[in-house]
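All remarks here apply to the structure that follows.
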Amino acid sequence: MASDLLDRVRLGGGVPSHVAVIMDGNGRWARERGLPRHLGHREGMKSVREVVEGAVEAGIDILTLFAFSTENWKRPAREITALMGLLQLYARKERAELRRQGVQVHVLGDLDRVDDATRSAVLEIVEGTRGGNALRLNLMISYGGREELLRAARALADRVRAGELDPADIDDSVLEDSLFTRGLPSPDLLIRTSGEHRISNFMLWQLAYTELHISPVYWPAFDRDHLFEAILDYQRRERRFGRVSVGVEAS
Ligand code: FPP
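Given below as structure tokens:
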């Protein structure tokens with residue numbers, strides 16, 4: 125059943141084309157219920173399903189989810205194993221349904237650090253959903269914004285050393301072509317759950333002019349109506365990209 129909020133999103137016009145999400149609060153959600161942290165992550169997987177379906181309903185083109193950061197490698201081995209297991213479970217369980225919905229999955233990040241079973245599971249879902257044209261879903265795995273920029277700097281330096289690139293020609297588009305997100309527009313909207321006001325090393329280059337929506341809700345409790353509320357909040361914003369408002373003359 126279409127929700128009233130979805131109707132308002134559709135009437136509001138200007139649905140964000142690219143929405144990125146920092147899914148936070150799984151641990152606190154579990155602790156408040158006296159449960160182990162991994163059950164918070166497991167419940168968080170349901171919210172992933174919710175938000176993917178909501179994104180398709182709302183007409184979002186690209187949804188980018190921060191599933192595992194470079195900093196997450198510092199968590200206890202048991203929790204890392206649980207998170208990798210969940211990624212595998214998600215890749216195996218959801219592939220057919222995502223395909224049916226027309227969702228094309230991409231995985232962005234340093235997959236060399238990920239164990240073989242997880243890497244092959246996520247590459248299978250990428251393969252199995254190829255051609256979906258309702259929504260592009262980017263799963264950011266072993267991803268860090270600083271690492272992404274360092275990789276880009278090294279790649280560009282290599283091309284300069286090889287005589288293929290003049291440093292004076294390095295502009296926004298040359299740098300963007302060296303990022304994991306090459307070819308993609310920057311996010312229009314970033315949602316962070318659990319009330320934290322931080323970027324946490326996520327898409328440092330790409331978020332330069334992105335609108336931020338901080339939701340107080342823990343990720344496992346976040347559902348499609350929360351996504352629609354975030355979009356409605358976005359639709360009330362005036363995006364100026366450093367310029368003055370339309371109709372305001374610079375004096
Ligand atoms: C942050 O909560 C969340 C994560 C580190 C992982 C996000 C993973 C999922 C939602 C599970 C599955 C994902 C996919 C794409 C299938 P936290 O542990 O930092 O929470 P806390 O700040 O309350 O401790």
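The sequence shown begins at 125 in this note's numbering and counts up by one. Backbone N, C-alpha and C define an ideal beta-carbon position, used for all residues, glycine too.
Residue(s) in a DSSP beta bridge with residue i
i	result
His-230	Asn-262
Glu-103	What the structure shows of the chain is the stretch from 125 to 375, and residue 103 is not part of that stretch, so it cannot be assessed.
Ala-276	None; Ala-276 has no bridge partner.
Tyr-267	Ser-193
Val-145	Leu-189 and Ile-315
Span separating the alpha-carbon of residue i from that of residue j
i	j	result
Met-316	Ile-338	It is Arg, not Met, that sits at residue 316 in the sequence shown. Each residue's alpha carbon lies about 5 angstroms from the other.
Asp-357	Ile-186	18 angstroms
Ile-355	Arg-285	45 angstroms
Val-298	Leu-274	14 angstroms
Gln-330	Lys-217	31 angstroms
Gly-371	Glu-353	28 angstroms
Met-125	Val-139	Its pLDDT being 48, under 50, Met-125 is placed unreliably by the model, and the measurement read from it follows with that caveat. Cα to Cα, the separation comes out at about 20 angstroms.
Val-252	Arg-219	In the sequence as presented, Val is not what sits at residue 252; that position holds Gly. Rounded to whole angstroms, Gly-252 to Arg-219 spans 7 angstroms at the Cα level.
Arg-202	Asp-347	27 angstroms
Ala-281	Asn-196	28 angstroms
Arg-361	Ser-266	32 angstroms
Pro-160	Ala-345	16 angstroms
Val-368	Gly-136	23 angstroms
Arg-322	Gly-366	21 angstroms
His-142	Asp-301	18 angstroms
Arg-306	Ala-154	36 angstroms
Asp-234	Leu-247	13 angstroms
Ala-332	Arg-270	14 angstroms
Met-327	Thr-194	12 angstroms
Glu-288	Ala-279	11 angstroms
Ile-204	Gly-151	13 angstroms
Neighbour flag for residue i against chain D, beta carbons, 8 angstroms
i	result
Glu-353	No chain D is present in this structure, which holds just one protein chain.
TODO: May I ask you to verify whether the segment 146–164 touches the segment 231–250, counting CB pairs closer than 8 angstroms and requiring at least 3?
DONE: no
- [ ] Check whether the segment 285–299 touches the segment 251–262, counting contact only when three or more Cβ pairs, one atom from each stretch, lie closer than 8 angstroms.
- [x] no
Open item on the list: I'd like the ranges of any alpha helix (DSSP H) spanning at least 4 consecutive residues and lying wholly in the segment 161–241.
Closed with: 161–182 and 201–225
Open item on the list: Just to be sure I understand the criterion: a residue counts if its Cβ is closer than 5 angstroms to at least one heavy atom of the ligand FPP. Which residues meet that?
Closed with: Met-147, Asp-148, Gly-149, Asn-150, Gly-151, Arg-152, His-165, Gly-168, Met-169, Val-172, Ala-191, Leu-210 and Tyr-214
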